[in-house]
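Chains as they are written, first to last, in the working numbering: chain A, 203 to 528; chain B, 2 to 325; chain C, 6 to 337.
So the structure is just underneath, and the comments pick up after that.
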């Protein structure tokens, strides 16, 4: 794909845990297992999955906060997989991150003005006066007022702090923002405000997002396409409405049916698939399809052969021997 | 659990090796000082120095010297003092060790028991008068220097009030071997035990109180209350067990240090010829082989007791077992 | 029909240097036997404090609890500690939000459940242990005998929450207080736990008060719902009625803020402007008035009472105007 802004190819991230002295205690964990996808300019890809599925690790690899074990990351035609030093700093200017806990990611001893200005100063974007004007404009763009500029992070509510985090991420006009669970720590009403803000920014500024979340409703609200992860693998990838309305992978199906519906009338008629047990540990993944021990449709082939992520007739990708759709 | 122990033991051996190398280098490879001069002691004759040079292989490469030294310390155990001529050093350390061990273990039992009682009481009545009184007392305990307390104790039990009914049972200063007379052993040590324990009671009670108060804010304490446990059960069963971890950590360090000679002042004042006393004498006479032996053995005690404590720790708190 | 629990005009306040702060401000509700009541609200709405007050579990020396809490006819406020203690874990049990921290890390699951059983029954240590294993089995923990011998941190989040629930059920409580029991869990695990809670009334005859911020969770689980805002109940109705015909503008705001999984994707979510008031600066009238799009002069000064019988609401918007206003609110 030539118009891809970000292109991830067979990205793998492994960890080793255990003692340095005793080799027997060592285990290799494949947190992300040969994952490939692309994000086009201005597109939002939602990355969903449950805790431990590797979605956050993947996000951190993409922003190069973590080193990649193998595979490649290409951003706007440049291979950034092993970039270091000045080149990496330049890349980071166009590739920002928003975190789940806005409080932990803001320096508590600095004023909002300085927090938002910092990336501009570090990257020498304009004179002092330009920067000041720029910061004022950014703060307004995220729905805060100029009197907020001289306050400290602890003087804000969770939603306002997340706005500050967004303003900082926007400062260098990035092409791509990796947002890791940006609204999951917020109350419902505040969460809606932040989702609306991100939707507006995406439309007005043409920023592409890798939007990592566990809440399917939130992802549906903001993402153009969705990738579903399970045990380090992408098991389904396609247009948001297509996947949420008619999932092809049994795990996606179960995930969607597990989301409680705020409508008792519909909840009563819903077919609910309650999965048994917990996801297996990534240190000890099952043979064959990673989902087969919990899957209601599994057959013998699922126990032996791991299905590849393949395109279906309707254009989506799924990694399943017995897809429900397409 | 077995893996935890094994890992800890390997770690322990590595640390001991490191310490022995370090101590060896300090004594044998400090620039500008001739180790033979120092081993031979003050005003030694040239013949003695030559003998030392030969015996310790001082003209051979450093690794060889290290091996010779370790052999003398641990295998042949025939390292001799040149200050007190012909006196074998290692057996002396072995003679002193049980005395120190008796002193420190007894004191440890006292300080642990009292610290737990005081810490738990203070936490249970936190910010009340019981808490404040106990914490002031423990602060006093921490602030009193041990040699002063020891001297005072001697003054009272051996001097002014020795002939009153209160202290007439106190034997003269010195150590009585446990195998010779268990009661004598106990009588000889009870005053030194208390003296040594006072500082640690104060210290541990304060640490435990702080840990308990912190633990009492945890979610699982609320669960324990919601189960219908009494406040006392919540404190003693659920909070105490989790808070003891911080005390066990401290204990490992303090116990090792004391057994390794840290109880020097108490030993000297009470005339107990333990490891600390030995070090004290060796330092006075600059008896290098003796200093070296006590330092090495002391570090063995510290490291071993630390390893034991870590293993106890894992038994105590299953969280430690899982952590790698 | 006699109620299992009647809470009347409950107020939970905290003494501070700047005076008394009322975190729960006059809350009344009741729950019948075998009923599941959902209490919904955002952080700071006082929903957790309301439930903790029932068992006097608010661990703060500066707390002041006033009003009346009657359980099976017995007043609990001001009750002797011994009486409350016998209720805790016995007739009234509790489940907390974070299963990661809710169990004591140094005791096995089985020992912790058995401990509670032995507080409230005469069972021997051995019998309590085997009952603990039975309970773990009943809440669907695989290999319950082995699970009983494990430490909390050796289980996954979902398994731990099952263990917490097993412990809560150990003495057949008439009332189970569940404080955000699924918030810390993944959706597929949440679905398992909610299914379990729904089954409790059949298997254990327990009534449940389910506290949550998630409207979806109440919609799928509760018989009745109370919506709390700034320490007060603003709307209370049967689950069907509340979702079919929500009366209070705050409820509309909550519903509008929730991104739905089906139906038409709205380009923007309907939001509520601003933030809830600080508890010490609650406006004199309706606490929601500063954020309400339908505020009238009468809202500013007088606090609207909770009116109605089956479907109660604390709002003065007249019934005929309600539907129009709601459509307007949800469209925004």
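For every residue, glycine included, the Cβ atom is placed at its ideal position computed from N, Cα and C.
Suppose contacts are defined by Cβ-Cβ distances below 9 angstroms. Is residue 437(A) in contact with residue 372(A) by that definition? Remark: C-beta atoms of residue 437(A) and residue 372(A) do not approach each other more closely than 9 angstroms.
Mind checking residue 230(A): buried by the 16 CB within 10 Å criterion, or exposed? That one is exposed.
Using a C-beta cutoff of 9 angstroms, does residue 264(C) count as contacting chain A? Yes, because at least one Cβ of chain A sits closer than 9 angstroms to the Cβ of residue 264(C).
So, is the C-beta of residue 108(C) closer than 9 angstroms to a C-beta in chain B? Taking Cβ atoms only, chain B reaches closer than 9 angstroms to residue 108(C), which makes this a yes.
Three-state secondary structure assigned by DSSP to residue 223(A): Bear in mind that a pLDDT of 48 at residue 223(A), under 50, signals an unreliable position, so the number given afterwards is only what the model happens to contain. Residue 223(A): coil per DSSP, three-state reduction.
If we define contact as Cβ-Cβ less than 9 angstroms, is residue 169(C) a contact residue for chain B? Residue 169(C) counts as touching chain B.
Looking only at its own chain, which residues have a Cβ that is under 6 angstroms from the Cβ of residue 41(B), when we skip the five neighbours before and after it? For residue 41(B), same chain residues with a beta-carbon under 6 angstroms away, outside a window of 5 residues either side, are 49, 50, 53 and 83 in chain order.
In this structure, how does DSSP classify residue 2(B) when only helix, strand and coil are distinguished? Reduced to three states, the DSSP call for residue 2(B) is coil.
Using a cut-off of 7 angstroms between C-beta atoms, extract the partners of residue 230(B) located in chain C. Scanning chain C for C-beta atoms nearer than 7 angstroms to the C-beta of residue 230(B) yields 124, reported in chain order.
For residue 348(A), name the three-state secondary structure that DSSP assigns. The answer is helix: DSSP assigns residue 348(A) an H, G or I state.
Is the beta carbon of residue 164(A) less than 9 angstroms from the beta carbon of residue 210(A)? The shown model of chain A, from 203 to 528, leaves out residue 164(A), and the question about it has no answer.
Apply the 10 Å Cβ neighbour rule to residue 303(C) and answer buried if 16 or more other Cβ atoms are within range, or exposed otherwise. It is exposed - the Cβ of residue 303(C) has fewer than 16 other Cβ atoms within 10 Å.
Should residue 287(C) be labelled buried (16 or more other beta-carbon atoms within 10 Å of its own) or exposed? So residue 287(C) counts as buried.
Contacts that residue 502(A) makes with chain C (C-beta to C-beta distance below 9 angstroms): For residue 502(A), no chain C residue has a Cβ inside 9 angstroms of its Cβ, as the nearest lies near 23 angstroms away.
Chain A residues whose Cβ lies nearer than 7 angstroms to that of residue 334(C): Listed along the chain, the chain A residues whose CB falls inside 7 angstroms of the CB of residue 334(C) amount to none; the nearest CB is some 12 angstroms away.
For residue 213(C), name the three-state secondary structure that DSSP assigns. Reduced to three states, the DSSP call for residue 213(C) is strand.
Tell me which same chain residues have a C-beta within less than 6 angstroms of the C-beta of residue 224(A), skipping the five on either side of it? With a pLDDT of 49 at residue 224(A), under the threshold of 50, the predicted position of this residue should be treated as unreliable, and no value is reported.
Taking only the alpha-carbon atoms, compute the straight-line gap between residue 292(A) and residue 334(A) and give it to the nearest angstrom. Approximately 22 angstroms between the Cα atoms of the pair.
Is there a Cβ of chain C sitting closer than 9 angstroms to that of residue 332(A), yes or no? Chain C, which has no Cβ nearer than 9 angstroms to the Cβ of residue 332(A), makes this no.
Among 288(A), 287(A), 337(A) and 478(A), which has the Cα closest to the Cα of residue 147(C)? Looking at the Cα atoms, 478(A) is the closest of the given residues.
How big is the Cα-Cα spacing for residue 279(C) and residue 369(A)? Those two C-alpha atoms are separated by around 19 angstroms.
In angstroms, rounded to a whole number, what distance separates the CA positions of residue 201(B) and residue 139(B)? Rounded to the nearest angstrom, the two C-alpha atoms are 9 angstroms apart.
Determine whether the beta carbon atoms of residue 154(B) and residue 237(B) lie at a separation below 9 angstroms. Residue 237(B) is positioned such that its CB atom lies no closer than 9 angstroms to that of residue 154(B).
Closer than 8 angstroms to a non-hydrogen atom of the ligand MG - does that hold for the CB of residue 68(C)? With respect to small molecules bound, the structure shown includes none, and the ligand MG cannot be examined in it.
Euclidean distance between Cα positions of residue 88(C) and residue 52(C): Counting only the Cα atoms, residue 52(C) lies some 24 angstroms from residue 88(C).
If you reduce the DSSP assignment to three classes, tell me which class residue 266(C) lands in. Residue state, collapsed to three classes: coil.
DSSP three-state assignment for residue 398(A), whether helix, strand or coil: The three-state reading of DSSP puts residue 398(A) in helix, counting H, G and I together.
Measure the CB-CB distance between residue 212(C) and residue 206(C) and report whether it falls below 9 angstroms. Yes, Cβ-Cβ distance for residue 212(C) and residue 206(C) is below 9 angstroms.
Alpha carbon to alpha carbon, how far is residue 261(C) from residue 276(C)? Give it in angstroms, no decimals. Distance between the alpha carbons of residue 276(C) and residue 261(C): 6 angstroms.
Local Cβ density within 10 Å of residue 269(C), reported as buried at 16 or more and exposed below that: With a 10 Å radius around the Cβ and a threshold of 16 neighbouring Cβ atoms, residue 269(C) comes out exposed.
In whole angstroms, give me the CA-to-CA distance for residue 409(A) and residue 248(A). Distance between the alpha carbons of residue 409(A) and residue 248(A) is about 14 angstroms.
Below 9 angstroms between beta carbons is the criterion; list the residues of the region 290-321 of chain B that meet it against any residue of chain C, in chain order. If the cut-off is 9 angstroms between Cβ atoms, the region 290-321 of chain B has 317, 318, 319 and 320 near chain C.
Would a check of beta-carbon distances place residue 390(A) closer than 9 angstroms to chain C? Taking Cβ atoms only, chain C reaches closer than 9 angstroms to residue 390(A), which makes this a yes.
For residue 123(B), which three-state DSSP category applies? Reduced to three states, the DSSP call for residue 123(B) is helix.
How far does the beta strand (DSSP E) with residue 99(C) in it extend, from its first residue to its last? Taken as a continuous stretch (DSSP letters only), the beta strand (DSSP E) holding residue 99(C) covers 97-100.
Pop quiz: residue 398(A) and residue 274(C) are said to be a contact at Cβ under 8 angstroms. What is the actual Cβ separation, rounded to whole angstroms? Your pair residue 398(A) and residue 274(C) checks out as a contact, with CB atoms roughly 6 angstroms apart and the cut at 8 angstroms.
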